[in-house]
Each structure stands twice: as C-alpha cells, then as structure tokens.
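Novice:
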Amino acid sequence: MRFKGLAVYLVILLLAGCAGREAHPVRAVRADDEYLSCRDIKMEQASAENSIQQLAPQTNKKAYNTTMALTGILVIVPWFFMDLGNAEQTEIDAYQRRIDALSRLSSEKGCKVVNGVMQSG
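Under mature numbering (1 follows the signal peptide of the UniProt record, and there is no 0), residues -23 to -1, 1 to 98 are what the sequence shown spells out, in order.
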C-alpha cells in the first residue's frame, strides 16, 4: 500500500514537471532580410523589442510556482499548473539575436537614423 502512494506521488511530480508551454523562438536571420529597406529594418527591430517587453514580465515565475507548490501540498491539483519551463526566456533571447542581426544588416546597408527615422545612407 505504501508503494502505491509513493508511485502516485511520483507520477504527479512528473506531470507537474511537464507543465509550461513550448518555446517558439524567432529566427535571427530570414531569407528575405536582404530585401528589407532601412525603414523595414527599423520596423522589424521595433516589433522585436515590443515582443521582448511583452515577454519580460512572464520570465519571473518564482512567486507563482511557489504559491502553486505550497497550495499543492494541501490539494494536488495546483501542481498541474506550475510552469517550470523557460519558454519566455528562450524567446526573448531569440528576439535579441534577431535585433542584433538586423543591426548588422542596417550597418551593411548604410542605414542612418535622422530625426528618429531610419534612412538609407
């Protein structure tokens, strides 16, 4: 009987460890990047920066997971909602690599920022 309880407990821990979402990182370089204008590059960078700002608050899951773990001691169900993955950080890192690649492309194309607007040099 004791073994059965331990087995159930281990299964629950394993399922809780699978919680979270899968990361969907963007590519740093895309096939059509060479055709982007300086303005397009700036817009792509702004979009990536906006995505980073939206994801950043979701990277600190410690308080949420602690609450779920403590609640899970009394009732097992919250353990299924713990997010132990780092999908958000993986995506943020990918967006940062995209921004870096766009910055290099901008330099290669001789783009300049004039009054906040990216222009060809």
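Backbone N, C-alpha and C fix where the C-beta goes; we use that ideal spot for every residue, glycine too.
Whole angstroms are fine: how far does the CA of SER14 sit from the CA of SER24?
Specialist: Taking the straight line joining both Cα atoms gives about 15 Å.
Novice: Counting only the same chain and skipping the five closest in sequence on each side, list residues whose C-beta sits under 7 Å from that of LEU79.
Specialist: If we look at LEU79 and ignore the five residues flanking it on each side, its Cβ neighbours are ILE18, GLU21 and GLN22.
Novice: Does the beta-carbon distance from VAL6 to TYR72 come in below 8 Å?
Specialist: For VAL6 and TYR72, no; Cβs fall outside 8 Å.
Novice: Using the three-state DSSP reduction, which class does GLU65 fall into: helix, strand or coil?
Specialist: GLU65 falls in the helix class under three-state DSSP.
Novice: Looking at the structure shown, is ARG4 part of a helix, part of a strand, or coil, going by DSSP?
Specialist: Here ARG4 sits in coil by DSSP.
Novice: State the Cα-Cα distance for the pair LEU82 and ILE29, rounded to the nearest angstrom.
Specialist: Taking the straight line from one Cα to the other gives about 20 Å.
Novice: Spatial neighbours of LEU32 within its chain, please: CB distance less than 7 Å, with the 5 preceding and 5 following residues excluded, ordered by chain position.
Specialist: The answer, listed in chain order, is GLU65, GLU68 and ILE69.
Novice: Between which two residues does the alpha helix (DSSP H) harbouring ARG16 extend?
Specialist: First-last of the alpha helix (DSSP H) with ARG16: 15 to 32.
Novice: Return the residue from the list GLU(-2), ALA(-1), ARG(-3) and GLU26 that minimises the CA-CA distance to ARG75.
Specialist: Checked all of GLU(-2), ALA(-1), ARG(-3) and GLU26; the closest Cα to ARG75 is GLU26.
Novice: Would you identify the three-state DSSP class for ARG9, choosing helix, strand or coil?
Specialist: The sequence as given places Asp at residue 9; Arg does not occur at that position. Here ASP9 sits in coil by DSSP.
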